[in-house]
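Comments concern the structure below.
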């Protein structure tokens, strides 16, 4: 019997805690750089809100300014969580996001879509495709693949939250994707944004020259089991 996917709820976690040291200065200001009339991180949060039932943005460096930008320019439904130990790596930010979900009493959340705050070019259609596959397969990891290379964001099933909470370092949830018990569903997309982080000034200048990322090819993405 086919699962009723209308009852499958997915949270979003926007990682917005890093200092952006490769941008220069290490002040964490890169997420607030303007792009099409809004800070970079706001573009990510808005798209997450469009596809997720609940979204938590995790701040760290420059927390007050990032939180203010998010609150002023996004719709209702966005929660802000602070990772006081953000300097210890992305894993700590992920932990803060999952802890915030627990505080929201989100027992009916089947998993979390983890988005990077410096990837504003990931298309809404890509997030919708990932969400659709995850809601059909809520026990599996789901990630996009562009031109043969896995990208971000990644859907993490709830059953793996405890193991995510135990992670350390700056690799995020990547170590879990190679775990022998993990099942990863890759969704082939034509969206270069899944690989485009804004890490340096050169990346930012290239972003400003970008009119749009490449759209998904066709109405249905290719799912590779």
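In the working numbering, the protein residues as written are 903 to 1127. Even glycine gets a Cβ: it sits at the ideal position worked out from N, Cα and C. The structure displayed is predicted, hence computed values, not measured ones.
Residue from the options whose Cα sits closest to the Cα of residue i
i	options	result
residue 1006	1021, 1029 and 979	979
residue 911	948, 1038, 945 and 981	1038
residue 1088	1046, 1100 and 1068	1046
residue 1064	952, 1112, 1048 and 993	993
residue 933	1051, 952, 1079 and 963	963
residue 920	1109, 1101, 1083 and 1111	1101
residue 1011	1109, 1108, 915 and 1111	915
residue 1061	1084, 1070, 1053 and 1080	1084
residue 952	1075, 1109, 1029 and 1094	1029
residue 917	1080, 999 and 972	999
residue 913	950, 1042 and 1093	950
residue 909	1073, 922 and 1034	1034
residue 1052	955, 956 and 1079	1079
residue 937	1059, 1019 and 1094	1019
residue 1094	969, 1059, 1044 and 1026	1026
residue 1070	1057, 991, 1003 and 974	991
Counterpart residues of residue i in DSSP-defined beta bridges
i	result
residue 1043	1086
residue 964	962
residue 954	According to DSSP, which records beta bridges pairwise, residue 954 is partnered with nothing at all.
residue 1128	The displayed coordinates of the chain run from 903 to 1127. Any statement about residue 1128 would go beyond what the structure contains.
residue 857	Not covered by the structure: residue 857. The range shown for the chain is 903 to 1127.
residue 1051	1048
residue 1017	916
residue 937	940
DSSP three-state assignment for residue i, whether helix, strand or coil
i	result
residue 1116	Caution applies to residue 1116, whose pLDDT of 39 falls short of 50 and renders its modelled position unreliable; the value that the coordinates give is listed next. Here residue 1116 sits in coil by DSSP.
residue 862	Past the boundaries of the shown model lies residue 862; the chain is included only from 903 to 1127, so the question cannot be answered.
residue 905	In this prediction, residue 905 scores a pLDDT of 45, lower than 50, which makes its location untrustworthy; the coordinate-derived value is nonetheless stated afterwards. Coil.
residue 1034	helix
residue 943	helix
residue 1125	Any reading at residue 1125 must be qualified, since the residue scores a pLDDT of 39, below 50, and its modelled position is unreliable; the value itself is stated next. Strand.
residue 1077	helix
residue 1064	helix
residue 1092	coil
residue 849	Past the boundaries of the shown model lies residue 849; the chain is included only from 903 to 1127, so the question cannot be answered.
Inter-stretch contact (C-beta, 8 Å, three-pair minimum) for the stretch 981-991 and the stretch 940-947
no
Tell me whether the stretch 1103-1111 and the stretch 1065-1080 touch, counting them as touching only if at least three CB pairs, one residue from each stretch, are closer than 8 Å.
no
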